[in-house]
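Asker: Basically our numbering = 1-based index in the sequence shown + 4.
Below you will find the structure I want to go over with you.
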Amino acid sequence: MIKNCKIRAGLIGAKLGHSFSPQIHAALADYPYDLIELEENEVGTLLKSGKYDALNVTIPYKKTVIPYLDEITREAARIGAVNTVVRREDGALVGHNTDYAGFSDLVRSLGVTLTGKKVVVLGSGGASRTAVTVAEDSGAREVIVVSRTGENNYENIDRHADAEILINATPVGMYPKNGVSPLSLNVLPRLEAVFDMIYNPARTKLLQDAAARGIPSANGLLMLVSQARRAAEIFLGTAIPDSEVARITKQIAKQTENIVLVGMPGCGKSTLGRLLATRMERRFVDLDEEIVNRAGCPIPDIFREKGEEGFRAIETEVVADICRESGLVIATGGGVVTRERNLPLLSQNGRVIFLDIPPEGLPIADRPLSQAKTPEALYRERLPLYKKAADLVLPITRDLEENMKKLQEALL
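See below:
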């Protein structure tokens, strides 16, 4: 981290509650960095106010800022979008585009090449122009821009079924509107790589679909960190090592991922989760408690009144609402893995850990399904589902401190 910085910086955009930029810039240097939500008619006033020495710009103002600038770099002019503005000592505002360097680094990080490839870019805004420019400069065989109403659109995208690289430069699937994808990957059967410029959630539906098909893919977090590094270099007039991009990307990914505990009813998910959240200074959420709050009655009553299907429907609603957030410790109900639709919801922002304990002696009071079947029978039935859902299987015992030590070591 660079210290003793004498500038005032920030990020302007329309909706910034999901932004990771403050954490990233705090890891790069110690200048103040504000989130500044603006209406479009307020952008010019803010730029001309002189309040900030350096600004980043995000959706939807990367083109809006251009008329208010005194100068833009050649790269920003080529792309037609500015994401970094610096005030010179003479007061002039200079616009840069650091997304180009960020996206180039993202492509390299996945170990794929755009040279000689047919590239499909979804979206026609500033982020799309960045992707198109990088692809063209990399020697792509063909670059197709797909938009809702253009010559190439989502109704006729199947005519580009020979595409090898897909880049999502739209906000479709971005927090808080998680769980949707701009298209089905079935229409592009020859894909070799998928890039999604979205970084929250960490695994958009598009990326989850790519993973299910075995297609190499990457979200936009490394791009975000890389472009921030380049912006900080411009802000401060100094070089920042490439190693910082990898370090900060890993750091932010760990800070923002949810830790999701799955396992048998009564295995200790809630107790362990609460303790872990306290030690990590994170918010803890017990999904069963959230279900009770939403239904207005205890879980056994929900089963009696609505049956298991009614309970599972409420559970999925709660999983969708909670798991779209970031940086939580989450304890799930024992049967959350029995509904396939819950699995991508749990993993979209989370590391799913299966707390595996022998079922003998697990409590069954107030647990309708544990009373209908023995814990042993329920364990045999659900074990493959827990393993399928989990990123990590963690054998545990009845010793809370021993389990906590194992869990903390696994999270290092």
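Yeah, the Cβ is synthetic: ideal placement off N, Cα and C, and Gly gets one too.
Looking at the structure shown, is Val397 part of a helix, part of a strand, or coil, going by DSSP?
Answerer: Strand at Val397.
Asker: Expressed to the nearest angstrom, what Euclidean distance is found between the alpha-carbon atoms of Arg194 and Leu170?
Answerer: Between Arg194 and Leu170, the C-alpha separation is close to 10 Å.
Asker: Which residues in the same chain as Val191 place their Cβ atom closer than 6 Å to its Cβ, once the five residues preceding and following it in sequence are excluded?
Answerer: Around Val191: Ile161, Asp162.
Asker: So Ala173 packs on Ser230, CB below 8 Å; how close in whole Å?
Answerer: With a Cβ gap of about 16 Å, Ala173 and Ser230 do not count as contacting.
Asker: Between the C-alpha atoms of Gly338 and Ala144, what's the straight-line distance to the nearest angstrom?
Answerer: Spanning the two alpha carbons is a distance of roughly 49 Å.
Asker: Nearest by alpha-carbon distance to Ala85: which of Glu196, Thr77, Arg92 is it?
Answerer: Measuring from the Cα of Ala85, the nearest candidate turns out to be Thr77.
Asker: Between the region 356 to 365 and the region 214 to 233, can you find at least three pairs of beta-carbon atoms closer than 8 Å?
Answerer: Result no; under three Cβ-Cβ pairs closer than 8 Å.
Asker: For the candidate residues Asn262, Ser247, Ile70, Asp200, whose alpha-carbon lies nearest to that of Ala281?
Answerer: If we check each option's Cα against that of Ala281, Asn262 comes out closest.
Asker: From the DSSP output, in three-state form, read off His22 for me.
Answerer: Reduced to three states, the DSSP call for His22 is coil.
Asker: Taking 9 Å as the cut-off, decide whether the C-beta atoms of Ile83 and Tyr104 are in contact.
Answerer: Cβ distance < 9 Å, so Ile83 and Tyr104 count as in contact.
Asker: What is the residue span of the alpha helix (DSSP H) that Asn346 lies within?
Answerer: 346 to 351 is the span of the alpha helix (DSSP H), which, as asked, contains Asn346.
Asker: Please go through the same chain and pick out, in chain order, the residues whose beta-carbon is closer than 7 Å to the beta-carbon of Leu210, but skip the five residues on each side of it.
Answerer: If we look at Leu210 and ignore the five residues flanking it on each side, its Cβ neighbours are Asn172, Gly177, Ser185, Pro186, Val198, Asp200.
Asker: Please state the DSSP three-state secondary structure of Gly331.
Answerer: Here Gly331 sits in coil by DSSP.
Asker: With H, G and I counted as helix, E and B as strand and the rest as coil, what does DSSP make of Val356?
Answerer: Looking at Val356 - three-state DSSP - the assignment turns out to be strand.
Asker: What does DSSP give as the partner residues of Thr88 in its beta bridges?
Answerer: According to DSSP, which records beta bridges pairwise, Thr88 is partnered with Asn60, His100.
Asker: With a threshold of 8 Å, are at least 3 pairs of Cβ atoms found where one atom belongs to the region 50 to 67 and the other to the region 118 to 136?
Answerer: Because the criterion of three Cβ pairs below 8 Å is met, the region 50 to 67 and the region 118 to 136 touch.
Asker: Under 7 Å Cβ to Cβ from Glu237, same chain only, skipping five residues before and after it: list those, please.
Answerer: For Glu237, where only same-chain residues beyond five positions count, the Cβ hits under 7 Å are Ala243, Ile244.
Asker: Could you tell me which of Ile326, Glu313, Ala250 sits nearest to Glu293, measuring between CA atoms?
Answerer: That would be Ile326, whose Cα lies nearest to the Cα of Glu293.
Asker: Buried or exposed, going by whether 16 or more other CB atoms sit within 10 Å of the CB of Arg308?
Answerer: Looking at its Cβ environment, which holds fewer than 16 other Cβ atoms inside 10 Å, Arg308 is exposed.
Asker: By the DSSP assignment, the beta strand (DSSP E) with Ala13 in it spans what residues?
Answerer: Ala13 -> beta strand (DSSP E) spans 13 to 17.
Asker: Which class does Arg182 belong to by DSSP, given the choice of helix, strand or coil?
Answerer: For the record, residue 182 in the displayed sequence is Asn; it is not Arg. Residue state, collapsed to three classes: coil.
Asker: With distance defined between alpha-carbon atoms, name the residue in Leu332, Val333, Arg298 nearest to Ala317.
Answerer: Ala317 has its Cα closest to that of Arg298, out of Leu332, Val333, Arg298.
Asker: Tell me whether Leu416 is buried or exposed, calling it buried when 16 or more other Cβ atoms sit within 10 Å of its Cβ.
Answerer: Classification of Leu416: exposed, given that the 10 Å Cβ count is below 16.
Asker: Anyone know if the C-beta pair for Val341 and Leu332 falls short of 9 Å?
Answerer: No, Cβ-Cβ distance for Val341 and Leu332 is not below 9 Å.
Asker: From Pro302 to Lys391, what does the alpha carbon distance come to, in whole angstroms?
Answerer: If you take the alpha carbons of Pro302 and Lys391, they lie about 28 Å apart.
Asker: Three or more C-beta pairs closer than 8 Å, one from the region 249 to 260 and one from the region 25 to 36: is that the case here?
Answerer: As far as the Cβ criterion goes, the region 249 to 260 touches the region 25 to 36, which means the pair count is three or higher.
Asker: Going straight from the alpha carbon of Tyr179 to that of Val397, what length do you get?
Answerer: Tyr179 and Val397: Cα-Cα distance of roughly 28 Å.
Asker: At what residues does the beta strand (DSSP E) containing Glu155 begin and finish?
Answerer: Segment: none, Glu155 is in no beta strand (DSSP E) and carries neither H nor E.
Asker: Just the Cα atoms here: how many angstroms apart are Ala59 and Thr336?
Answerer: Checking the sequence shown, residue 59 turns out to be Leu, not Ala. So the two alpha carbons sit approximately 41 Å from each other.
Asker: Per the DSSP calculation, Arg287 is bridged to which residue(s)?
Answerer: Paired residue(s): Leu332.
Asker: Hey, would you say Thr102 sits closer than 9 Å to Arg12, going by beta carbons?
Answerer: Not in contact: Thr102 and Arg12 (Cβ atoms no closer than 9 Å).
Asker: Spell out a yes or no on whether the region 36 to 46 and the region 13 to 20 are touching, meaning 3 or more CB-CB pairs, one atom from each, closer than 8 Å.
Answerer: Taking 8 Å as the limit for Cβ pairs, the verdict is that the region 13 to 20 does touch the region 36 to 46.
Asker: Please state the DSSP three-state secondary structure of Glu168.
Answerer: Three-state result, Glu168: coil.
Asker: Going by other Cβ atoms of all chains shown within 10 Å of its Cβ, with 16 needed for buried, is Arg91 buried or exposed?
Answerer: It counts as buried.
Asker: Tell me which residues share the same chain as Asn204 and place their Cβ nearer than 6 Å to its Cβ, disregarding the 5 neighbours each side in the sequence.
Answerer: Closer than 6 Å at the Cβ level, and outside the excluded window around Asn204, lie His22, Tyr179.
Asker: When DSSP builds the beta bridges, which residues end up paired with Lys122?
Answerer: Per DSSP, Glu146.
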